[in-house]
Each structure stands twice: as C-alpha cells, then as structure tokens.
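Enquirer: Dropping the structure in here first, questions after.
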Amino acid sequence: MDETIYNNPEDSDLSKLRVQELCTQVEDLNMKVEFLNRENGRLEKEVAQLKKENNQLKRPPLFVAAVIDVLEGGEVYLRQQGNNQEYITHSAENLEGELKPGMKVAVNNALSIVRTVDNTFDSRVRVMELEESPSVTFANIGGLKEEIEEVREAVEYPLTRPEVFKKIGVEPPKGILLYGPPGTGKTLIAKAVANQAKATFIRMSGSELVHKFIGEGAQMVRELFALAREKSPSIVFIDEIDAIGSMRTQDGTSGSAEVQRTLMQLLAEMDGFDKRGNIRLMAATNRVDMLDPALLRPGRFDRILEVSLPDEKARLEIIKIHSAKLNMKGVVPEDLLKYTENTTGAEIQAICREAGMIAVRNNAEYVKMQNFIDAAVKVRRKTKSEDIMYI
535 MDETIYNNPE DSDLSKLRVQ ELCTQVEDLN MKVEFLNREN GRLEKEVAQL KKENNQLKRP
595 PLFVAAVIDV LEGGEVYLRQ QGNNQEYITH SAENLEGELK PGMKVAVNNA LSIVRTVDNT
655 FDSRVRVMEL EESPSVTFAN IGGLKEEIEE VREAVEYPLT RPEVFKKIGV EPPKGILLYG
715 PPGTGKTLIA KAVANQAKAT FIRMSGSELV HKFIGEGAQM VRELFALARE KSPSIVFIDE
775 IDAIGSMRTQ DGTSGSAEVQ RTLMQLLAEM DGFDKRGNIR LMAATNRVDM LDPALLRPGR
835 FDRILEVSLP DEKARLEIIK IHSAKLNMKG VVPEDLLKYT ENTTGAEIQA ICREAGMIAV
895 RNNAEYVKMQ NFIDAAVKVR RKTKSEDIMY I
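Residue numbers (the numbering used here): 535 to 925.
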C-alpha cells in the first residue's frame with residue numbers, strides 16, 4: 535500500500551483552517567459571555583433597586599414631631615407637627631439620653647420614636663448663607679474711619695475678641711443700623727465685615743421677606759434666625775430693611791397686614807424671650823424716617839450710625855483707591871476735588887471708570903486730566919437733597 539496518503543499536504547492545510555475557525559468561534563463566544571455577564575449585572579442592580587422601592591412603598595410613613603419635654607422613666611412628651619396633637623410615648627433604647635426639648639423626631643403609626651430628625655430650613659433661607667467671602671476689605675473703603683471702627687466694635691470684635699468684653703464686664707451691642715444716602719458705602723462696609731470676621735455671614739434683602747401667603751414671611755424670619763443660631767457665631771445683614779420695617783399702620787389691606795406680621799416676628803427674634811445667642815445683627819436703609827420706632831429702640835439696634843456724604847479728605851482717599859489701577863499721565867488727585875463736590879463714593883467710582891472709558895473711546899494710551907473732568911460732568915448729579923429723606 536502507498537504510504538504517501540498519510541502525508542497529504544492538503545489535509546494539513548484543512549486542519550489549520552479548521553483550528554482557526556474554532557479559535558474565532560471561541561473568541562466570539564467569550565465576547566458574548568462577557569456581554570451577558572455585564573447585562574446580568576445591570577439587571578441584578580435594577581432588580582435590587584426595584585426591591586428597595588417596593589419595600590419603601592410597603593413601609594408605613596413616619597410622622598415628624600417636636601420634643602416638648604423629657605419625663606422620668608424614659609417617657610417623652612411630644613407635639614406632632616401639622617395637627618399640633620400632643621401625646622406621651624417611649625423612646626428607643628438607643629435614643630435614651632440624646633433627646634432634648636426642641637428636637638425633632640420621627641414617630642411611627644404606633645407613636646413610638648424611631649429616630650431623630652435634623653433641622654430643615656427653607657431652601658430660600660439656605661442660599662442666604664454666604665459661602666465665599668467677598669474680596670472687599672476695609673482698605674478698599676475710603677474715608678468712613680470712625681464709622682468703620684464703630685461697626686467693627688459692634689459686630690466684629692465681639693466675635694473675634696470676646697475675652698476683652700468679658701474682662702471689662704460690658705455686653706457688646708446687639709445690632710447696628712447704617713443709614714444714609716445711596717452710594718455712601720453702607721453695603722460696602724457689610725462686605726468688608728463679611729471678609730474680615732471669622733463667622734458665618736448671612737445676607738438678605740428686606741424685600742425677600744415679603745411674601746404673598748399669610749405667615750410665610752414670619753416663617754422665613756424664624757428659620758433665618760434658627761439657621762444663624764445653628765451656625766453661630768454668625769452675622770445677619772438685612773439690606774433695605776425699610777421694605778419690612780416701615781411704620782405700622784391700620785389701612786386694613788391684607789398685604790400691609792402680612793408685612794406687619796413679618797415685622798412683628800422680626801422684632802420678637804431680635805429682642806424676645808428666646809436668647810438670640812452669639813449672633814450680631816446689621817441692617818442698612820436709605821429711609822430711616824420710615825422705620826417703625828419699635829425697631830429703632832435700644833436692645834434691637836443699639837447703634838444707629840449715619841453714613842453721610844464724604845468730606846474733602848474722604849473724597850481724596852476714594853479717588854486714590856479707584857484710580858490706582860488706571861494708567862494716568864498728568865493727573866493730580868487733589869485737583870479733582872473741586873469736580874467731585876457733593877458726590878458719593880459710588881459716584882466717584884463711576885467718574886474714575888467713565889474717565890477710563892473716555893480714554894478707551896479716544897484710543898489713548900493713558901488717562902488725562904480732561905478725561906476726568908468730562909467724566910465728572912457726565913456722572914455728577916446736578917442737585918442733591920440735604921433732607922434725611924433720601925430718595
């Protein structure tokens with residue numbers, strides 16, 4: 535028999551092709567297995583999530599209640615929020631010793647305390663907390679040295695140097711009100727305090743407390759001071775306080791009555807039975823003549839400070855501050871004083887900015903004295919009221 539049949543090269547080539555085909559099939563199968571494993575993992579996660587949601591739907595809801603008092607024998611006196619029903623119940627063993635009057639707790643259908651609940655605040659109140667300090671410092675404020683020192687004594691020093699007040703035996707002022715014409719630096723001082731004081735700074739406008747529905751403004755005031763107490767030491771700054779602090783009247787309109795309810799809640803928080811805690815209060819207004827007398831009495835605002843128009847020395851400081859970054863030639867700041875009479879700090883800042891814009895418009899390389907003169911004519915007010923009723 536011919537043995538060459540066993541060494542046929544064609545059979546060897548067919549075997550190699552068959553092996554390659556099998557390898558390719560194995561690779562395809564491995565890819566399919568890997569895909570199926572990923573899909574199986576995804577489906578397992580989805581099933582677990584659905585089981586979790588199903589368990590939550592089956593679980594009875596928990597009700598929020600406030601602890602009124604902790605009684606002997608582990609009993610707790612609660613008031614349920616919403617319907618104000620009061621009852622006595624027992625707390626879980628792991629919560630004994632943790633419950634205190636005023637805390638919020640979660641109770642089940644059997645009225646048993648399950649766990650404690652953290653204080654929750656309106657999101658509109660949360661955003662009032664200043665997360666990042668302003669870049670403004672007291673060095674950026676021209677003049678107002680006496681006003682700044684009084685503000686720091688009333689607001690900053692009690693928080694940063696409390697030992698000095700304790701040593702002397704004096705109670706620091708509870709609050710300070712800044713009033714004066716627009717643009718004189720009231721809000722700027724508040725920004726500098728926020729930058730300097732190592733405390734939580736909560737800022738808001740008085741108009742933010744004016745709401746449509748009954749009790750909503752008062753609720754925001756309560757939550758505002760509750761947040762300040764939780765974050766103490768803290769500073770609360772209310773800009774344009776005349777929006778809610780105007781004199782109370784009896785015009786009978788629902789809108790006016792709601793604003794007055796908000797004001798009364800503010801008065802209670804500022805100087806009521808509950809201790810305010812380590813909270814300093816600042817406020818600013820252009821219309822101090824409109825404020826309610828109850829708001830101005832000592833105990834609420836211990837210092838009422840006027841921030842008036844800058845004098846000649848203060849105007850020179852302001853001019854130097856706002857023109858420091860300008861590329862100037864032939865400009866003497868002292869010569870600009872006569873063009874800035876009866877102007878505020880904001881107007882002087884606008885004059886310096888406008889002088890730079892005029893130079894840009896003329897495609898100049900630097901700002902000249904004439905640019906400042908033209909800017910002062912454009913920006914400066916022609917008349918200014920000397921009355922306290924700033925409009």
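Using N, Cα and C, we set each Cβ at its ideal position, and we do this for glycine too.
Every value quoted in this text rests on a predicted model; they were computed, and no experiment measured them.
According to DSSP, is residue 790 part of a helix, a strand, or is it coil?
Expert: helix
Enquirer: Looking only at C-alpha atoms, which of 637, 906, 794 sits nearest to residue 854?
Expert: 906
Enquirer: Could you spell out the range, first to last residue, of the alpha helix (DSSP H) harbouring residue 724?
Expert: Residue 724 -> alpha helix (DSSP H) spans 720 to 730.
Enquirer: Mind checking residue 728: buried by the 16 CB within 10 Å criterion, or exposed?
Expert: buried
Enquirer: Quick one, which of 599, 774, 561, 753 has its alpha-carbon nearest residue 717's?
Expert: Nearest option by C-alpha distance: 774.
Enquirer: For the beta strand (DSSP E) containing residue 765, list its first residue and its last residue.
Expert: First-last for residue 765: undefined, no H or E at that position.
Enquirer: Return the bridge partner residues of residue 932 from the DSSP annotation.
Expert: No statement about residue 932 is possible, as the shown extent of the chain runs from 535 to 925 and does not include it.
Enquirer: So who's on the other strand from residue 603, going by DSSP bridges?
Expert: 611
Enquirer: Pick from 712, 694, 687, 715: whose alpha carbon is nearest that of residue 706?
Expert: 687
Enquirer: Inspect the beta-carbon positions of residue 772 and residue 793 and report whether they are closer than 8 Å.
Expert: no
Enquirer: Based on Cα-Cα distance, which residue from 824, 563, 830 lies nearest to residue 801?
Expert: Residue 801 has its Cα closest to that of 830, out of 824, 563, 830.
Enquirer: Under three-state DSSP, which class holds residue 647?
Expert: strand
Enquirer: Taking the beta strand (DSSP E) that residue 850 falls in, what are its first and last residues?
Expert: Here residue 850 belongs to no beta strand (DSSP E); instead the alpha helix (DSSP H) covers 846 to 856.
Enquirer: Specify the secondary structure class of residue 775 as computed by DSSP and reduced to three states.
Expert: Shown here, residue 775 sits in coil according to DSSP, grouped into three states, outside any helix or strand.
Enquirer: In whole angstroms, what is the alpha-carbon distance linking residue 603 and residue 634?
Expert: Each residue's alpha carbon lies about 7 Å from the other.
Enquirer: Would DSSP call residue 815 helix, strand or coil?
Expert: strand
Enquirer: The beta strand (DSSP E) spanning residue 734 covers which residue range?
Expert: 734 to 739
Enquirer: Counting only the same chain and skipping the five closest in sequence on each side, list residues whose C-beta sits under 7 Å from that of residue 692.
Expert: Excluding sequence neighbours, residue 692 sits near 699, 706, 814.
Enquirer: State the Cα-Cα distance for the pair residue 574 and residue 568, rounded to the nearest angstrom.
Expert: The straight-line gap separating the alpha-carbon atoms of residue 574 and residue 568 is approximately 10 Å.
Enquirer: Distance, Cα to Cα, residue 754 vs residue 895?
Expert: 48 Å
Enquirer: Give every residue of the same chain whose Cβ lies closer than 8 Å to the Cβ of residue 682, excluding the five residues on either side of it in the sequence, and list them in chain order.
Expert: 672, 675, 723, 726
Enquirer: Could you check whether residue 600 and residue 613 sit closer than 8 Å to each other, using their CB atoms as the reference points?
Expert: yes
Enquirer: Between the C-alpha atoms of residue 595 and residue 628, what's the straight-line distance to the nearest angstrom?
Expert: 21 Å
Enquirer: Among 878, 840, 913, 876, which residue has its Cα nearest to the Cα of residue 887?
Expert: Relative to the Cα of residue 887, the nearest Cα in the group 878, 840, 913, 876 belongs to 913.
Enquirer: Since residue 694 is in the alpha helix (DSSP H), which residue starts that stretch and which ends it?
Expert: 691 to 694
Enquirer: Residue 597 and residue 641: beta carbons closer than 8 Å?
Expert: yes
Enquirer: Assign residue 559 to buried or exposed, taking buried as 16 or more other Cβ atoms, counted over all protein chains shown, within 10 Å of its Cβ.
Expert: Residue 559 comes out exposed.
Enquirer: Please name the residue or residues paired with residue 620 in a DSSP beta bridge.
Expert: DSSP lists 613 as partners of residue 620.
Enquirer: Of the residues 840, 828, 820, 823, which one's Cα is nearest the Cα of residue 799?
Expert: 828
Enquirer: What is the DSSP secondary structure of residue 596, counted as helix, strand or coil?
Expert: coil
Enquirer: Distance check for residue 554 and residue 535, CA to CA, integer angstroms please.
Expert: Only weak support is given to the placement of residue 535: the predicted model assigns it a pLDDT of 45, under 50, and the value that follows is read from those uncertain coordinates. Whole-angstrom Cα-Cα distance: 33 Å.
Enquirer: Suppose the cutoff is 7 Å on Cβ atoms and the five residues either side in sequence are ignored; what does the same chain contact list for residue 670 look like?
Expert: Closer than 7 Å at Cβ, skipping near neighbours: 722, 725, 726, 729.
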